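*Asks:* Input: one structure, supplied below.
Residue numbers (my numbering): 8 to 670.
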């Protein structure tokens with residue numbers, strides 16, 4: 008673990024913190040075989056992970072497609088909520104949970120710009136309806152849903168209905184990914200009226216007549232990437248691309264084509280009008296007219312596998328080179344059926360626990376916290392990239408189930424710091440980070456208040472790095488840097504019990520720097536008592552204010568206290584009675600912990616007229632040069648120690664056991 012020499016961090020210049028995002032998965036190692044033109048050898052280039060939340064292909068160009076990133080994250084379970092957030096002006100990440108049945112039948116929910124609509128796991132469905140993106144809509148991601156059942160029995164050609172699964176009209180920067188379309192009337196996916204910068208990937212198109220159409224305009228503007236989709240049980244438009252500037256189709260699988268004996272309108276891919284189409288490493292099995300082109304169109308096909316195909320196999324013109332626009336990975340054509348069967352359509356691992364990235368999607372930690380809706384009941388991780396974030400962060404009680412996680416290799420790589428003293432806003436107002444919510448975890452981070460008390464003479468020099476009032480708070484591999492009042496673990500009121508678990512962490516300070524009334528366990532950690540330059544009294548490690556009805560206050564166990572203060576100049580603690588509250592009777596147990604020579608031989612002391620002897624201060628089996636057994640050092644009995652363990656302190660009435668995964 009990393010230990011710090013002091014809290015005096017050099018202040019960095021304000022600048023951007025760059026997050027590195029990695030994500031590649033292995034391709035099935037199957038050899039490519041085919042009876043069409045050989046594909047060029049794949050170059051070692053970055054490629055989209057099958058699970059990434061960032062689009063590839065044309066949707067990644069010209070500024071990219073981020074959907075609702077940077078906006079609030081909401082979970083919807085009914086049509087009204089979905090419609091409300093989808094139509095909102097501001098960005099949203101909309102998580103769809105369960106099956107939502109549209110009423111009236113065929114309802115297409117309008118989607119506004121800057122939205123991500125994503126199904127939770129593989130069970131989210133839009134039934135008897137779909138989505139529409141009207142002209143001007145841009146920056147939309149729709150992922151991981153089943154959209155089904157707007158077909159009407161006996162209306163196979165959909166002449167009397169126009170219920171699309173997803174329809175784009177003059178929209179741009181759209182990513183359609185991991186959707187299962189089934190039994191839609193009219194089009195499962197219609198991309199119309201000069202929509203641009205679109206990627207359609209890993210979708211499953213099933214049981215349909217007019218499946219996937221692109222174009223219907225004399226203009227030649229649309230740029231589209233279509234990859235890793237499975238067309239099965241479909242008849243036509245798989246896809247049909249009309250007057251597209253660029254249509255790049257690769258690694259798609261067409262199988263089990265529906266056929267009613269129609270010699271023309273049963274087909275696979277069609278390059279229509281003046282479209283320039285490139286098809287690479289796809290797999291066609293039992294398809295009539297697998298790929299065809301109009302006389303004015305261009306179609307380049309290479310590397311695909313054809314099995315039991317009939318009819319047109321057109322290929323003419325130069326079309327374009329997709330690699331001049333973006334990098335991509337080609338899977339071998341022989342691997343496509345297995346890959347697409349496994350990965351297309353909704354996936355359990357997509358749309359699960361939410362991760363908000365700072366600064367990639369949210370510029371500050373607080374902006375990511377603000378994106379979590381009140382009443383949140385979904386685990387949300389705020390992943391903070393390495394860097395120094397000079398800001399104050401507040402997690403209100405209305406936003407539980409959060410995890411703050413530094414993504415650097417060491418906790419010192421990611422620092423949240425500010426410099427407010429109690430003189431300006433009181434003790435609570437001084438805190439760099441405040442956590443009022445329940446069920447919050449922080450890992451691999453440093454929290455600091457770098458107010459320089461030596462350089463200022465103020466009445467209120469308390470300067471908290473962290474204050475908690477929530478219950479079930481966990482800190483793992485974290486550091487708390489400050490001087491007076493570094494870490495306060497508290498509760499909403501005296502008689503309310505809150506629990507905090509600190510493990511494998513580092514805490515430093517000088518006066519009352521571990522304090523409050525929450526039941527707090529500090530395990531396997533390093534506590535550094537900073538010297539204030541005195542030869543007699545350099546400070547106090549703890550200042551507990553435990554409610555008298557709570558048998559468990561602070562437990563410091565299996566830890567190491569270190570100090571560069573002179574021998575015999577530091578106290579283990581003193582009893583804090585906030586506002587003279589008589590029922591705040593401190594309880595502190597330090598056990599199985601190494602103590603430095605800086606600890607006084609009489610380590611407990613009075614505070615504000617309250618005697619330490621009336622508090623519940625004890626030690627048990629400590630060691631090191633600062634350890635000792637005297638009349639002024641109460642020792643816990645073996646019998647009592649058996650009921651003062653980590654488990655006893657934290658279990659409460661709900662058997663909370665955050666330590667269990669380590670033991």
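Where is the CB? At the ideal position from N, CA and C, for every residue including glycine.
Just so it is clear, the structure is predicted and the values come from calculations on it, not from any experiment.
Give the DSSP bridge partners of residue 473, in chain order.
*Replies:* DSSP lists 440, 494 as partners of residue 473.
*Asks:* Taking all protein chains shown into account, decide if residue 662 is buried (16 or more other Cβ within 10 angstroms of its Cβ) or exposed.
*Replies:* By the 10 Å Cβ count, residue 662 comes out exposed.
*Asks:* Which two residues bound the contiguous beta strand (DSSP E) that contains residue 488?
*Replies:* Looking at the DSSP string, the run of the beta strand (DSSP E) that includes residue 488 is 480–488.
*Asks:* With which residues is residue 401 paired in a DSSP beta bridge?
*Replies:* BP columns for residue 401 point to 441.
*Asks:* By DSSP, does residue 562 sit in helix, in strand, or in coil?
*Replies:* Here residue 562 sits in strand by DSSP.
*Asks:* Okay, do the stretch 239–259 and the stretch 80–94 touch, 3+ Cβ pairs below 8 Å being the bar?
*Replies:* Contact between the stretch 239–259 and the stretch 80–94 is absent, because fewer than three Cβ pairs lie under 8 Å.
*Asks:* Within 10 angstroms of the Cβ of residue 291, are there 16 or more other Cβ atoms? Answer buried if so, exposed if not.
*Replies:* Under this definition residue 291 is a buried residue.
*Asks:* For the alpha helix (DSSP H) containing residue 656, name the first residue and the last one.
*Replies:* Note, residue 656: alpha helix (DSSP H), 653–657.
*Asks:* Have a look at residue 471 and residue 437 and give me their C-alpha separation to the nearest angstrom.
*Replies:* Taking the straight line joining both Cα atoms gives about 6 Å.
*Asks:* Mapping the DSSP letters down to three states, classify residue 621 as helix, strand or coil.
*Replies:* Three-state DSSP puts residue 621 in a helix.
*Asks:* With a threshold of 16 other CB atoms inside 10 Å of the CB of residue 162, please say whether the residue is buried or exposed.
*Replies:* Counting Cβ neighbours within 10 Å, residue 162 comes out exposed, since fewer than 16 surround it.
*Asks:* Just grab the DSSP bridge partners of residue 262 for me.
*Replies:* Note: residue 262 sits in a beta bridge opposite 239, 292.
*Asks:* By the three-class DSSP mapping on this structure, what secondary structure does residue 458 have?
*Replies:* Coil, per DSSP.
*Asks:* Going by beta-carbon coordinates alone, are residue 477 and residue 375 separated by less than 8 Å?
*Replies:* Cβ atoms of residue 477 and residue 375: not closer than 8 Å.
*Asks:* Entirely within the stretch 99–130 and at least 3 residues each: give me those beta strand (DSSP E) ranges in chain order.
*Replies:* The qualifying runs are 99–103, 106–108, 114–117, 122–126.
*Asks:* Is it true that the CB of residue 278 sits closer than 8 Å to the CB of residue 254?
*Replies:* Yes, the pair counts as a contact, with Cβ atoms nearer than the cut-off.
*Asks:* Classify residue 237: buried if its beta carbon has 16 or more other beta carbons within 10 angstroms, exposed otherwise.
*Replies:* The residue is buried, with at least 16 neighbouring Cβ atoms inside 10 Å.
*Asks:* According to DSSP, is residue 332 helix, strand or coil?
*Replies:* It is coil, neither helix nor strand.
*Asks:* Please state whether DSSP places residue 501 in a helix, a strand or coil.
*Replies:* Correct three-state label for residue 501: coil.
*Asks:* Quick check on the DSSP output: the alpha helix (DSSP H) that includes residue 170 runs from which residue to which?
*Replies:* Note, residue 170: premise wrong, no alpha helix (DSSP H); not H, not E.
*Asks:* In this structure, does DSSP put residue 537 in helix, strand or coil?
*Replies:* DSSP places residue 537 in coil when its eight states are reduced to three.
*Asks:* Under the three-state reduction of DSSP, which class applies to residue 606: helix, strand or coil?
*Replies:* Strand.
*Asks:* Check for me: the beta strand (DSSP E) holding residue 79 runs from which residue to which?
*Replies:* From DSSP, the beta strand (DSSP E) with residue 79 extends over 79–83.
*Asks:* Can residue 619 and residue 589 be called in contact, C-beta distance under 8 Å?
*Replies:* In this structure, residue 589 does not lie closer than 8 Å to residue 619 by Cβ.
*Asks:* Using CA coordinates, which residue listed in 442, 233, 246, 462 is at the minimum distance from residue 507?
*Replies:* The candidate whose alpha carbon is nearest that of residue 507 is 442.
*Asks:* Going along the chain, which residues of its own chain have a beta-carbon closer than 6 Å to the beta-carbon of residue 106, five neighbours each way excluded?
*Replies:* Contacts found: 132, 134.
*Asks:* Determine whether the beta carbon atoms of residue 570 and residue 605 lie at a separation below 8 Å.
*Replies:* Closer than 8 Å, so yes.
*Asks:* What did DSSP end up calling residue 89 once you bin it into helix, strand or coil?
*Replies:* Reduced to three states, the DSSP call for residue 89 is helix.
*Asks:* Does the beta-carbon distance from residue 475 to residue 525 come in below 8 Å?
*Replies:* For residue 475 and residue 525, yes; Cβs fall inside 8 Å.
*Asks:* Specify, as a first and last residue, the run of the alpha helix (DSSP H) that residue 374 falls within.
*Replies:* Taken as a continuous stretch (DSSP letters only), the alpha helix (DSSP H) holding residue 374 covers 372–377.
*Asks:* Buried or exposed, going by whether 16 or more other CB atoms sit within 10 Å of the CB of residue 187?
*Replies:* The residue in question, residue 187, is buried, as its Cβ has 16 or more Cβ neighbours within 10 Å.
*Asks:* Given residue 156, which residues of its chain have a CB within under 6 Å of its CB, disregarding the five upstream and five downstream residues?
*Replies:* Taken in chain order, the residues that qualify are 134, 135, 190.
*Asks:* My output table needs one value for residue 138: the three-state DSSP class, helix, strand or coil.
*Replies:* DSSP places residue 138 in strand when its eight states are reduced to three.
*Asks:* Along the beta strand (DSSP E) that carries residue 520, what are the first and last residues, could you check?
*Replies:* Run containing residue 520: 518–523, per the beta strand (DSSP E) assignment.
*Asks:* According to the neighbour-count rule (16 or more other Cβ atoms, all chains shown, within 10 Å of its Cβ), is residue 637 buried or exposed?
*Replies:* So residue 637 counts as exposed.
*Asks:* Quick test of your reading: residue 400 and residue 373, contact by CB under 8 Å. State the CB separation rounded to the nearest angstrom.
*Replies:* So it is a contact: roughly 5 Å between Cβ atoms.
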